[in-house]
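J.: Once you know that position 281 of the sequence shown is 281 in the UniProt record's numbering, the rest is easy, because the numbers rise by one and skip nothing.
One structure coming up, written as structure tokens, with questions to follow.
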Amino acid sequence: MKGYERYDEVLDAQQLLLSLIDLARQRGAHPDKLLKGTKLFSSDLSKKNLAKNGLTCSANTLLTVIENCSKLVQGNEISFLLGKRYFPSQLGLLGQALMNCRHLGDMLRLCQCFQLDCFPLMNLQLKHYNKNSYLIFQSAVGKLTKNQQVFITEFMLSALLGAIKYRCGVLPQLTMHLDYPEVQHIEQYHVHLNMKANVNLHFDQQICMFTIASEQLYLPFNDSAMSLKTIALEQISQIDTRPYPISFIQQITNYLNQEILEKDDLSQEGCAQHFGYSSATLKRKLASHQLNYQGIIDAIRSQQAIFQLIVCQHSNEKIAGDLYFNDVSNFRKAFKRWTGMTPNTMREQHCFN
């Protein structure tokens, strides 16, 4: 099944694009300036044209508007406001299904299954260790600029925390680790992410994720209705025939994660053959996302190594063996190339438990 790519026009423009433009316009940004570089004009987004044509857009169009918005709008609150209004009102039938999930774990699973509709720009990977669960964020559409990365992460955090509070009534204890330096608009994090309540935040980390006690993920929602969830999902299946459940980049990432786990073929030729491409075609597709094959492997290994090191507290020898390295020395060199520090230095500086 095909995964959507950066330039595929498969995103519902009304879901995120229009909401973002409306928020920016309310703060003085002209819609045509926000759309600069997208080949769209504000007239294309009129209610009449939307009703007639059912406008879709690509991830690249949305990313371009995010970049423009970050430069044109003062205040740095739009990403948070966009996230707050996202669930459940912007998600239609899927919002109804999410509202009637059994627990938070069920909601996250549904978000992963409907990535294109929930979070088309970001992958969510859920890991468990000891008594905690870790939700890791990764780009679903290739390389991002700094503005895009920060905006999308803020949107994701605002949407997810809003959904958790909406369904649970109160926020459970959460810890967030963000892979970028502390921002100048830190007050927006305090205002919109309830940092004075149960949310602890750490910037300039080597991994982007938030931590929650596993028991909190599976506390049942007593007011959920499984029949309504089933009906909503059946209606979605009848009207949505798009062959794009997840992104092309996530497909590649999932495949390579499994190959590393099984210590199997990591060659570009093997990956291309698995997806029915020539090696040259795969290389070209990755380049259109501003990525290369070895870079993806390095990013996967780096993330797995960091998680095992600072969360699981595994030894260098175990991590090296798990990640396809012939010896510990090669692992140490690769780790320093990925992160700028040795495994032991990172182990001393970070502790998630």
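Heads up, the beta-carbon is just placed ideally off N, CA and C, and yes, glycines get one too.
1. Tell me the residue span of the beta strand (DSSP E) that contains ALA213.
2. Measuring alpha carbon to alpha carbon, tell me which of PHE203, SER278, VAL199 ends up nearest LEU178.
3. Name the two residues that bound the continuous alpha helix (DSSP H) containing MET156.
4. Check whether the stretch 81 to 88 touches the stretch 29 to 45, taking contact to mean three or more Cβ pairs, one atom from each stretch, closer than 8 angstroms.
5. Quick one: any contact between the stretch 276 to 292 and the stretch 94 to 102, if contact means 3 or more CB pairs under 8 angstroms?
6. What does DSSP give as the partner residue(s) for THR175 in the beta ladder?
7. DSSP state of SER247, grouped into three classes?
8. Going along the chain, which residues of its own chain have a beta-carbon closer than 8 angstroms to the beta-carbon of THR339, five neighbours each way excluded?
9. Report the option in ARG25, ALA232, ALA225, ILE319 whose CA atom is closest to the CA atom of ILE300.
10. Can you look up SER224 in the DSSP assignment and give me helix, strand or coil?
11. Looking at the structure shown, is VAL10 part of a helix, part of a strand, or coil, going by DSSP?
12. Taking Cβ to Cβ, would you say PHE221 is nearer than 9 angstroms to ARG102?
13. In or out: residue 357 buried (at least 16 other Cβ within 10 Å) or exposed?
14. When you compare the stretch 179 to 196 with the stretch 210 to 217, are there three or more beta-carbon pairs, one atom per stretch, that lie closer than 8 angstroms?
15. Classify LEU63 as buried or exposed, calling it buried when 16 or more other Cβ atoms lie within 10 Å of its own Cβ.
16. Any idea what DSSP makes of SER58, helix, strand or coil?
17. Across which residues does DSSP place HIS128 in a beta bridge pair?
18. Going straight from the alpha carbon of CYS208 to that of SER19, what length do you get?
19. By how many angstroms is the C-alpha of THR342 removed from the C-alpha of LEU124?
20. Use the C-beta contact count for GLN250: other C-beta atoms within 10 angstroms, 16 or more gives buried, fewer gives exposed.
21. From the DSSP output, read off the bridge partner residues of TYR4.
22. To the nearest angstrom, report how far apart LEU323 and SER329 are at their CA atoms.
23. In whole angstroms, what is the alpha-carbon distance linking LYS2 and GLY28?
24. Which residue comes first and which comes last in the alpha helix (DSSP H) that contains CYS111?
25. Skipping 5 residues on each side, what residues in its chain have a beta carbon closer than 8 angstroms to that of LEU108?
26. Check whether the Cβ atoms of ILE246 and ILE296 lie closer than 9 angstroms to each other.
27. When the Cα atoms are used, what is the spatial distance from VAL65 to GLY162?
28. SER139 by DSSP, collapsed to three states: which one?
29. Compare the beta carbon distance of VAL150 and LEU121 with 9 angstroms and say whether it is the shorter of the two.
30. Does the beta-carbon distance from LEU174 to PHE210 come in below 9 angstroms?
31. Whose C-alpha, out of LEU35, ASN130, SER79, LEU160, is nearest the C-alpha of LEU23?
32. By the 10 Å Cβ neighbour count, where 16 or more other Cβ atoms means buried, how is LEU228 classified, buried or exposed?
33. Do ASN68 and GLY37 come within 9 angstroms of each other at the CB atom, strictly closer than that value?
34. Please name the residue or residues paired with MET122 in a DSSP beta bridge.
35. Give me the Cα-Cα distance between CYS57 and GLN115, rounded to the nearest whole angstrom.
36. In the DSSP assignment, find the alpha helix (DSSP H) that holds HIS30 and state where it starts and stops.
T.: According to the data block:
1. Against the sequence shown, residue 213 aligns to sequence position 213. Unbroken beta strand (DSSP E) run through ALA213: 209 to 213.
2. In the sequence shown, residue 178 corresponds to position 178, counting from 1. Ranked by Cα distance from LEU178, the options PHE203, SER278, VAL199 are led by PHE203.
3. For the purposes of this step, residue 156 is taken as the residue at position 156 of the sequence shown. That run of the alpha helix (DSSP H) goes 146 to 168.
4. Contact between the stretch 81 to 88 and the stretch 29 to 45 is absent, because fewer than three Cβ pairs lie under 8 angstroms.
5. Touching, no, given that fewer than three Cβ pairs across the two stretches are closer than 8 angstroms.
6. To locate residue 175, count along the sequence shown from 1; it is residue 175. ASN200, THR211.
7. On the sequence shown, residue 247 is found 247 positions in, with the first residue counted as 1. In the structure shown, SER247 sits in a strand (DSSP, three-state: E or B).
8. Working through the sequence shown from its first residue, we reach residue 339 at position 339. Result list for THR339: GLN206, SER302, ILE306, MET346, in chain order.
9. For the purposes of this step, residue 300 is taken as residue 300 along the sequence shown, with counting starting at 1. With respect to the C-alpha of ILE300, the residue from ARG25, ALA232, ALA225, ILE319 having the closest C-alpha is ILE319.
10. As a working note, residue 224 is residue 224 in the sequence shown. Three-state result, SER224: coil.
11. Stepping through the sequence shown from its first residue, residue 10 is reached at position 10. Residue state, collapsed to three classes: strand.
12. Translated into the one-based positions of the sequence shown, residue 221 becomes position 221. Translated into the one-based positions of the sequence shown, residue 102 becomes position 102. Between PHE221 and ARG102, the C-beta gap is smaller than 9 angstroms, which places the two residues in contact.
13. This structure gives no information on residue 357, because the portion of the chain shown stretches from 1 to 353.
14. No, they do not touch.
15. Numbered from its first residue, the sequence shown carries residue 63 at position 63. Buried.
16. Mapped onto the sequence shown, residue 58 falls at position 58. Three-state DSSP puts SER58 in a strand.
17. Position 128 of the sequence shown, counting from 1, holds the residue named residue 128. According to DSSP, which records beta bridges pairwise, HIS128 is partnered with SER133.
18. The sequence position of residue 208 within the sequence shown is 208, counting from 1. The sequence position of residue 19 within the sequence shown is 19, counting from 1. Straight through space, the alpha carbons of SER19 and CYS208 are spaced by roughly 25 angstroms.
19. Walking along the sequence shown from the start, residue 124 turns up at place 124. Walking along the sequence shown from the start, residue 342 turns up at place 342. CA-to-CA, the gap between LEU124 and THR342 works out to about 27 angstroms.
20. Working through the sequence shown from its first residue, we reach residue 250 at position 250. By the 10 Å Cβ count, GLN250 comes out buried.
21. Along the sequence shown, read from residue 1 onward, the residue named residue 4 stands at position 4. The partner list for TYR4 (beta bridge, DSSP) reads SER247.
22. Residue mapping note: residue 323 aligns to position 323 of the sequence shown, counting from 1. Residue mapping note: residue 329 aligns to position 329 of the sequence shown, counting from 1. Taking the straight line joining both Cα atoms gives about 13 angstroms.
23. The residue you call residue 2 lines up with position 2 of the sequence shown. The residue you call residue 28 lines up with position 28 of the sequence shown. Rounded to whole angstroms, LYS2 to GLY28 spans 39 angstroms at the Cα level.
24. Position 111 of the sequence shown holds residue 111. Segment 104 to 113, the alpha helix (DSSP H) holding CYS111.
25. Start at 1 with the first residue of the sequence shown, and residue 108 comes out as number 108. If we look at LEU108 and ignore the five residues flanking it on each side, its Cβ neighbours are LEU124, LEU126, LEU135, LEU217.
26. Taking the sequence shown and counting its residues from 1, the one referred to as residue 246 is at position 246. Taking the sequence shown and counting its residues from 1, the one referred to as residue 296 is at position 296. Contact flag unset, no.
27. As a working mapping, residue 65 is identified with position 65 in the sequence shown. As a working mapping, residue 162 is identified with position 162 in the sequence shown. For VAL65 and GLY162, the gap between their C-alpha atoms comes out near 23 angstroms.
28. The residue you call residue 139 lines up with position 139 of the sequence shown. Three-state result, SER139: strand.
29. Position 150 of the sequence shown, counted from the first residue, corresponds to residue 150. Position 121 of the sequence shown, counted from the first residue, corresponds to residue 121. Between VAL150 and LEU121, the C-beta gap is not smaller than 9 angstroms, which leaves the two residues out of contact.
30. Counting from 1 along the sequence shown, the entry for residue 174 is found at position 174. Counting from 1 along the sequence shown, the entry for residue 210 is found at position 210. In this structure, PHE210 lies closer than 9 angstroms to LEU174 by Cβ.
31. What you label residue 23 is simply residue 23 of the sequence shown in a count that begins at 1. Ranking LEU35, ASN130, SER79, LEU160 by Cα distance to LEU23 puts SER79 first.
32. Along the sequence shown, one-based indexing puts residue 228 at 228. Label assigned to LEU228: exposed.
33. Position 37 of the sequence shown, counting from 1, holds the residue named residue 37. Position 68 of the sequence shown, counting from 1, holds the residue named residue 68. Closer than 9 angstroms, so yes.
34. Here residue 122 refers to the residue found at position 122 of the sequence shown. Paired residues: SER139.
35. Stepping through the sequence shown from its first residue, residue 57 is reached at position 57. Stepping through the sequence shown from its first residue, residue 115 is reached at position 115. GLN115 has its alpha-carbon roughly 16 angstroms from the corresponding atom of CYS57.
36. Taking the sequence shown and counting its residues from 1, the one referred to as residue 30 is at position 30. First-last for HIS30: undefined, no H or E at that position.
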